[in-house]
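S.K.: Residue numbers (the UniProt record's numbering): 1 to 223.
Every residue, glycine too, gets a C-beta built ideally from N, C-alpha and C.
Just so you know, these numbers come straight off a predicted model, no measurement behind them.
Just passing along the structure, written as C-alpha cells.
Given below as C-alpha cells:
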C-alpha cells in the first residue's frame, strides 16, 4: 500500500477526522473531513482511497461464511447502477449487477458484483459464501439445484407475491431492505462503474464493524 505523500499530517489525526465521515451518515463526509483535518482536497481524496482499499483487504481477510444448520439466508440480485445514453435509453453495458445474501438470524451478509447471472455463476457465489445445511430463500429458478450441495432451497415468486401466502417464512424481505440501504449510500458516494466495487466494500465493512475507528486502525497497523 502506498500512502499519500506531501504535507506531513499525523496518521491518527487523519484517520480520526476521516473515520466519522467514513461512517454511514447523510451529511457528505468529504467537506467535514477537510474542515476538521485542515489538509488539502487532494490529500483527503487520497486518504479516502487508502481507507477504502484497507477496508476491502480487511474484509477479504476476515470474511465470514453466512448461515449454517437451522439458519435461513435470503439471496437476491439487484441492479446497482442504471446509466443512460442517447435520449434516455438504458445502456446494458453500463448496468452493474450484484448478488447479495443476508442471514435472518444474525444479519451477517455478503455482496458480490457479477458480470453474469446464470446458474453456474450464482451457484459458485453461494458455495463460496453460504455454509452447508443452510435454508436458502430465493425468487428465481436460476438457483434451482442447490439441494445437490446440501442446502434446503425455498422459493417465492415475486411476480405473484413478495411473501409466500402458504408460508410466511418464505420471503426475501431482509435482502430487499439491505438493497434499500445500499443504493442510497452508493448514490451519495457516486456510481461510476470503475469505482463502485470499492464503495460496496466500504458499505459492507462499516455494516459488519460497528467500531469503525478501532477496526480501520487495526487494518492500517497490519500493513
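With a threshold of 16 other CB atoms inside 10 Å of the CB of residue 221, please say whether the residue is buried or exposed.
M.R.: Counting the other CB atoms within 10 Å of its CB gives residue 221 a total below 16, which places it among the exposed residues.
S.K.: Taking 8 Å as the limit between beta carbons, can you name the residues of its chain near residue 66, skipping five residues before and five after?
M.R.: 73, 101, 102, 103, 108, 109, 110, 129, 130, 131 and 134
S.K.: State the DSSP-derived secondary structure class of residue 215, mapped to helix, strand or coil.
M.R.: helix
S.K.: Given a cut-off of 8 Å, decide if residue 99 and residue 114 are closer than it, judged by their beta-carbon atoms.
M.R.: For the pair residue 114 and residue 99, the CB atoms are nearer than the 8 Å cut-off.
S.K.: Alpha carbon to alpha carbon, how far is residue 172 from residue 206?
M.R.: 22 Å
S.K.: Have a look at 43, 58, 76 and 197 and flag the residue whose alpha-carbon is nearest the alpha-carbon of residue 126.
M.R.: Ranking the options by Cα distance to residue 126, first place goes to 76.
S.K.: Where does the unbroken alpha helix (DSSP H) through residue 53 begin, and where does it stop?
M.R.: 41-61
S.K.: By the three-class DSSP mapping on this structure, what secondary structure does residue 138 have?
M.R.: Looking at residue 138 - three-state DSSP - the assignment turns out to be strand.
S.K.: Do you know offhand how far residue 178's Cα is from residue 185's?
M.R.: 11 Å
S.K.: Please state whether the Cβ-Cβ distance between residue 55 and residue 175 is less than 8 Å.
M.R.: no
S.K.: Note down the Cα distance separating residue 211 from residue 188, rounded to an integer number of angstroms.
M.R.: So the two alpha carbons sit approximately 22 Å from each other.
S.K.: Going by DSSP in three states, residue 189 sits in which element: helix, strand or coil?
M.R.: helix
S.K.: Classify residue 76 as helix, strand or coil using the three-state DSSP reduction.
M.R.: If DSSP states are grouped into helix, strand and coil, residue 76 belongs with the strands.
S.K.: For residue 150 and residue 139, I'd like the C-alpha separation in whole angstroms.
M.R.: Using only the alpha carbons, I get a separation of about 19 Å.
S.K.: Would you please state the rounded distance, in angstroms, between the beta carbons of residue 136 and residue 156? I believe it to be under 8 Å.
M.R.: In fact, because the Cβ distance is near 12 Å, the residues do not count as touching under 8 Å.
S.K.: Nearest to residue 122 by CA position, among 142, 106 and 105, is which residue?
M.R.: 142
S.K.: I think residue 152 touches residue 59, with their Cβ atoms under 8 Å apart; what is that distance to the nearest whole Å?
M.R.: Contact flag wrong, Cβ pair sits at about 28 Å.
S.K.: Count the other C-beta atoms from every protein chain shown that fall within 10 angstroms of the C-beta of residue 219, then say buried if there are 16 or more, exposed otherwise.
M.R.: buried
S.K.: Should residue 112 be labelled buried (16 or more other beta-carbon atoms within 10 Å of its own) or exposed?
M.R.: It counts as buried.
S.K.: Taking residue 71 as the reference, which of 63, 105 and 46 has the closest Cα?
M.R.: 105
S.K.: With residue 52 and residue 201 assumed to form a contact (beta carbons below 8 Å), what rounded beta-carbon distance in angstroms separates them?
M.R.: 7 Å
S.K.: In the DSSP assignment, the beta strand (DSSP E) including residue 172 goes from what residue to what residue?
M.R.: Taken as a continuous stretch (DSSP letters only), residue 172 belongs to no beta strand (DSSP E), as it is neither H nor E.
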